[in-house]
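**Q**
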Amino acid sequence: MADSPAIIRLQDISRTFQVGDEQVHALVAVNEEIRAGEHVAIMGPSGSGKSTLLNILGCLDRPSSGSYHLNGQEVAYLDDAALTDVRRHQIGFVFQFFHLVHRLTAAENVELPMIFAGLPRSQRRQRVATALEAVELEPRARHLPDQLSGGERQRVALARATIMQPEILLADEPTGNLDSKSGSTVLDLLERMNREGLTLIVVTHNLKVAQRADRILLLVDGRIQRRVAPGEMGDILALLTEEGEG
Amino acid sequence: MSFADLFRFSARGLTGHGLRTALSLLGVTIGVAAVVILTALGEGARRYVIDQFASLGTNILIVVPGKTETTGTVGAGGVPNDLTLYDAQAIQRSVPAAYRLAPISMGTEQVAFGERRRQVAILGTTHQYKEARQLEMLRGEFLPEEEMFRGSSVVVLGPKLARELFTGAEPVGQIVRVGGWRMRVIGVLAKQGVKMGMDFDDLAMIPVSTGLHMFNRSSLFRILIQTRSHSDLELVKDSVTALLTERHNEEDISVITQDAVLSTFTAILGALTLVVGAIAAISLTVAGIGIMNVMLVSVSERTREVGLLKALGVRRAQIISVFLTEAALISTMGGLLGLAAGWGTVRLLVKLYPVFPASPPPWAVWAALAVSVGVGVTFGLLPARRASRLDPVMALAGR
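Heads up: the sequence lines are chains X and Y, in that order. Take the working numbering: the last position of the first sequence gets the number 251, and nothing is skipped along the way. Take the working numbering: the last position of the second sequence gets the number 709, and nothing is skipped along the way.
1) Please say whether Ala407 of chain Y and Arg538 of chain Y have beta carbons closer to each other than 9 Å?
2) Quick one: Cα of Arg557 of chain Y to Cα of Asp397 of chain Y, how far?
3) If the cut is a Cβ gap below 7 Å, which residues of chain X does Gln628 of chain Y touch?
4) Am I right that Pro390 of chain Y and Leu453 of chain Y are in contact with their C-beta atoms under 8 Å? What's the rounded C-beta distance?
5) I'd like to know whether the C-beta atoms of Ala638 of chain Y and Val604 of chain Y end up nearer to each other than 9 Å.
6) Work out the CA separation of Leu545 of chain Y and Val660 of chain Y for me, nearest whole Å.
7) For His94 of chain X, return the contacting residues in chain Y, with the cut-off set at a CB-CB distance below 9 Å.
8) Of all the CB atoms in chain Y, is at least one closer than 9 Å to the CB of Asn60 of chain X?
9) Could you pull out every residue in the same chain whose Cβ sits closer than 6 Å to the Cβ of Val133 of chain X, ignoring the five residues on either side in sequence?
10) Looking only at its own chain, which residues have a Cβ that is under 6 Å from the Cβ of Glu237 of chain X, when we skip the five neighbours before and after it?
11) Measure the alpha-carbon distance for Asn211 of chain X versus Asp193 of chain X and round it to whole angstroms.
12) If you reduce the DSSP assignment to three classes, tell me which class Gly123 of chain X lands in.
13) Tell me, which residues are paired with Arg427 of chain Y by DSSP?
14) Could you give the C-beta distance for Phe525 of chain Y and Val486 of chain Y, rounded to a whole number, given that I count them as a contact under 8 Å?
15) Hey, out of Y:Gly580, Y:Asp548 and Y:Ala514, whose CA is closest to Val565 of chain Y's CA?
16) Counting only the same chain and skipping the five closest in sequence on each side, list residues whose C-beta sits under 8 Å from that of Val498 of chain Y.
17) Any C-beta of chain X sitting closer than 9 Å to the C-beta of Val703 of chain Y?
18) With DSSP run on the structure shown, which of helix, strand or coil describes Ala31 of chain X?
19) List the residues of chain Y whose Cβ lies closer than 9 Å to the Cβ of Arg232 of chain X, in chain order.
20) Quick one: list the residues of chain X neighbouring Asp326 of chain Y, beta-carbon separation under 7 Å, in chain order.
21) Taking the straight line between their C-alpha atoms, what separation do you get for Leu263 of chain Y and Arg612 of chain Y?
22) When you compare the CB of Leu706 of chain Y with every CB in chain X, is at least one pair closer than 9 Å?
23) By Cβ distance below 7 Å, which residues in the same chain neighbour Glu248 of chain X in space, the five residues on each side in sequence not counted?
24) Assign Ile589 of chain Y to buried or exposed, taking buried as 16 or more other Cβ atoms, counted over all protein chains shown, within 10 Å of its Cβ.
25) For Gln628 of chain Y, which of helix, strand or coil comes out of DSSP?
26) Ile372 of chain Y by DSSP, collapsed to three states: which one?
27) My output table needs one value for Glu480 of chain Y: the three-state DSSP class, helix, strand or coil.
28) Going along chain Y, which residues have a C-beta under 8 Å from Asp85 of chain X?
29) Kindly indicate which three-state DSSP category His74 of chain X falls into: helix, strand or coil?
30) In angstroms, rounded to a whole number, what distance separates the CA positions of Pro410 of chain Y and Ile535 of chain Y?
31) If you run the structure through DSSP and keep just helix, strand and coil, what is Gln23 of chain X?
32) DSSP three-state label for Gln170 of chain X, please.
33) By DSSP, does Val80 of chain X sit in helix, in strand, or in coil?
34) Since Gly461 of chain Y and Ser519 of chain Y should fall inside the 8 Å C-beta cutoff, what is the C-beta to C-beta distance between them, to a whole number of angstroms?
35) When you compare only the Cα positions, how much space is there between His44 of chain X and Glu38 of chain X?
36) Please tell me whether Asp151 of chain X has its Cβ less than 9 Å away from any Cβ of chain Y.
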C-alpha cells in the first residue's frame with residue numbers, strides 16, 4: 006500500500022464561507038495525501054470541517070485556496086461542467102440517508118448513473134445484475150426503496166455508487182442511520198470493495214467504523230490535528246471527548 | 311443519454327406524482343378545449359350568417375327610404391320623401407339591369423279564420439319577391455303576376471300561421487280576415503324558418519298596394535331589386551340612386567347591397583372569432599403558468615434528487631432536459647386531450663343544433679396545439695434551469 010501512487014494530493018486546502026458579515030474558516034491549510042487503494046476514516050467533532058473536506062474531495066465543492074490533485078489532475082478550480090465529469094467517472098458517493106429515488110425500483114436506482122452516462126441498455130442490464138448480486142440484493146431488484154429495510158437501501162446505494170466503476174468511494178456516515186447488524190453488513194461490503202482496489206474514504210462519528218480503516222484523520226477546527234493508526238484509538242477517544250461535542 | 315431513456319425517466323417523474331400531474335394536465339386540456347370550442351363557435355356564427363345571406367338570394371339590392379349616412383337633422387329636409395310605388399315603377403321602366411323588383415310594405419295585423427285569430431307580421435309585395443328571395447310553396451300559388459298598383463284581396467300564409475288557423479283543414483280557397491279585410495287564401499309557403507330576423511313561417515303575404523292601404527301608409531318599407539349578375543350591382547345601385555335623387559330632388563334614399571352587409575358581418579364575426587380565440591389563449595397561458603407552478607413545486611420537492619443527480623455526475627443540460635421533458639409531456643398530452651375534448655364538444659353541439667355549423671378553423675386547432683406545447687416548454691424552462699443550477703451540496707442537504 007505504501008508504495009502505491011497518491012491518488013489524492015491536497016496542498017494547503019482552505020475553504021472559507023461567508024456567513025452574514027462573518028467569515029467562517031471551515032478548512033484551514035489542509036495537506037494530505039491518500040494513496041490508491043487506501044481506506045481512510047475522517048473523524049472529528051461536529052463543525053470540524055469533515056463534511057466540507059468530503060465535499061471538496063468529491064468535487065461537489067471547490068476550495069477557496071490551495072491545490073487538489075486527483076489522479077495527477079488539478080481539479081481545485083475546474084468549472085462546473087468539468088467537475089461534473091470528474092464525479093461521473095472517478096467518484097462514487099454513499100450518503101447517511103441513502104438518497105435513493107423512491108419512485109424507482111432498486112434496479113432502476115442502480116441503473117441511474119449509467120442512463121445519464123449514455124451506456125447502452127444491454128450493458129446496463131448486465132452491470133445492474135452483477136452489482137445487485139455483489140450486494141446480495143438480486144431478489145429485491147424490483148422492490149421500491151419503501152419496501153426495503155435501511156440496510157438494504159444502503160446496499161442499493163452502494164451498488165449505485167460503484168456502478169460506474171469509480172476509483173474513489175466517499176462515504177458520509179454510511180452506517181449513521183442503520184442498526185448495528187445491517188451497519189456491519191454494509192461495512193463488510195465496503196471493506197471487500199476496498200480490498201478489490203477501491204480507494205475508500207469514510208466520514209464517521211463512530212469509532213467502530215473508523216477502526217476498520219488503515220488510518221484515521223482527526224479533524225479539529227478545520228485542521229488535521231492528528232493522523233493515527235487504528236491501534237492508537239485510545240488517543241482519539243481522549244481527543245474527541247476533550248475537544249469535541251462541547 | 312438516449313431520448314427513449316430521457317422520456318422514460320421523465321415519465322416516471324410524472325407518474326410518481328399522479329394527482330399533481332393530472333391537475334396540471336387538466337389545466338392544459340381545458341385551455342386547449344376552450345380554444346377549439348370558442349373558435350368553433352365563432353366560425354360557426356360566421357358560417358351561419360353567410361348561409362343566411364345566401365339563402366336570401368344573391369345579387370340583391372335593397373332601397374330604403376332615408377339617408378343612412380345623415381342622422382336626421384331636425385328641421386328643413388330632415389324628413390325624407392316617401393318611397394312610393396311610382397318610384398318602384400320608375401326603376402322598373404328606366405333601369406333595365408334591375409332584373410327583378412319587389413316593392414315591400416310592412417305592418418302587423420290580426421289574421422282570423424272563424425274564431426281563431428293570430429297577430430302576425432304582414433308583408434305586402436309582388437310576385438317577383440318569390441324568385442328574388444327563393445321562397446318555396448307548400449301548396450297553392452304565390453301572389454299573382456299583376457300590376458303593382460292593383461291590390462287584389464288575396465293572401466299567402468306562412469306554414470305555421472296556416473297550421474294554427476286551420477288545424478289541418480285545407481286553407482287554400484278559404485276566406486280569412488286580415489285586419490278588417492276579407493281575403494282569399496291562395497297559397498301556403500313551405501317551411502323557411504327565420505331569415506334575416508323575419509319568421510317566414512308565421513306571417514301573411516299580400517299584394518303590396520293592398521298592404522299600403524291596409525296599413526294606411528304612403529311610403530314603402532323598402533324596394534328589393536335583384537340583378538342578373540354580380541357585376542350589375544354597382545351599375546344598378548348608381549342608376550337607382552341617380553333616378554330617385556332626381557325624382558325626389560334630393561338624395562334621400564339609401565341603396566344597400568347585400569355584399570356590403572355581408573362583408574361587414576363577416577368582418578365583425580372574424581374579429582369575434584379572434585377575440586374569442588384570444589380569450590381562450592389567455593386560458594392556455596394560465597394553464598402554462600399552472601405547469602410552471604407544478605414544475606417549480608416538483609423541483610423544490612425533488613431538491614435532494616437533483617442533488618443526487620449532480621453527485622452522480624449528471625450534467626446541467628441533462629437535468630434541464632429531464633424537467634423540460636416532463637413539462638413538455640404534460641402540455642403535449644394536455645393539448646391532445648384538449649383537442650379531443652374540444653372536438654367532441656363541437657360535434658355534440660352540431661348534433662344538437664344542426665343549423666349552427668360550428669367547426670373549429672384549422673388554424674385554431676394547430677395554434678392551440680402548438681401554443682400548448684410551447685407554453686409547456688417555455689414555462690418549464692424556468693423551473694428546469696433553476697433545478698440545473700442548484701448547488702449540489704445544498705441540494706443534497708435538501709436546502
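Backbone N, C-alpha and C define an ideal beta-carbon position, used for all residues, glycine too.
**A** Result, derived from the coordinates:
1) Going by C-beta atoms, Arg538 of chain Y is nearer than 9 Å to Ala407 of chain Y.
2) For Arg557 of chain Y and Asp397 of chain Y, the gap between their C-alpha atoms comes out near 8 Å.
3) Neighbours of Gln628 of chain Y on chain X, chain order: Phe121.
4) About 27 Å separates the two Cβ atoms, so there is no contact after all.
5) For Ala638 of chain Y and Val604 of chain Y, no; Cβs fall outside 9 Å.
6) Going from the Cα of Val660 of chain Y to the Cα of Leu545 of chain Y covers about 41 Å.
7) Counting only Cβ-Cβ distances below 9 Å, His94 of chain X has contacts in chain Y at Gly623, in chain order.
8) So yes, Asn60 of chain X belongs to the interface.
9) So the list reads Ala112, Val115 and Glu116, once near-sequence residues are dropped.
10) Closer than 6 Å at the Cβ level, and outside the excluded window around Glu237 of chain X, lies no residue.
11) Asn211 of chain X and Asp193 of chain X: Cα-Cα distance of roughly 15 Å.
12) Gly123 of chain X carries a coil assignment under DSSP once its states are collapsed to helix, strand and coil.
13) Bridge partners of Arg427 of chain Y: Y:Ala422.
14) The beta carbons of Phe525 of chain Y and Val486 of chain Y sit about 17 Å from each other, so the pair does not count as a contact at 8 Å.
15) Selected option, being the one with the closest Cα: Y:Asp548.
16) Listed in chain order, the non-local C-beta contacts of Val498 of chain Y below 8 Å within the same chain comprise Met447, Leu448, Arg449, Gly450, Val466, Leu467, Gly468, Pro469, Ala472, Pro481 and Val482, local neighbours out to five positions each way being set aside.
17) Taking Cβ atoms only, chain X reaches closer than 9 Å to Val703 of chain Y, which makes this a yes.
18) DSSP, reduced to helix, strand and coil, places Ala31 of chain X within a strand of the structure shown.
19) For a Cβ distance threshold of 9 Å, nothing in chain Y lies close to Arg232 of chain X: the least Cβ distance comes to about 26 Å.
20) Checking the sequence, you will find Gly at residue 326 of chain Y rather than Asp. Within 7 Å Cβ-Cβ: Arg108.
21) Chain Y is shown from 311 up to 709; residue 263 of chain Y falls before or after that span and cannot be answered.
22) Chain X, which has a Cβ nearer than 9 Å to the Cβ of Leu706 of chain Y, makes this yes.
23) With a pLDDT of 48 at Glu248 of chain X, under the threshold of 50, the modelled position of this residue cannot be trusted; read the value that follows with caution. Here the set comprises Pro50 and Val225.
24) Under the 10 Å beta carbon count, Ile589 of chain Y is surrounded by fewer than 16 other beta carbons and is classified as exposed.
25) If DSSP states are grouped into helix, strand and coil, Gln628 of chain Y belongs with the helices.
26) The three-state secondary structure of Ile372 of chain Y, taken from DSSP, is strand.
27) Correct three-state label for Glu480 of chain Y: coil.
28) By Cβ distance, chain Y contributes Arg626.
29) Three-state result, His74 of chain X: strand.
30) The residue you asked about is not Pro; residue 410 of chain Y is Arg in the sequence shown. About 6 Å.
31) Strand.
32) Three-state DSSP puts Gln170 of chain X in coil, outside helix and strand.
33) Val80 of chain X: coil per DSSP, three-state reduction.
34) At roughly 4 Å, the Cβ-Cβ gap stays under 8 Å, so Gly461 of chain Y and Ser519 of chain Y are in contact.
35) The alpha-carbon atoms of His44 of chain X and Glu38 of chain X are separated by roughly 12 Å.
36) Taking 9 Å as the CB threshold, Asp151 of chain X stays off the interface with chain Y.
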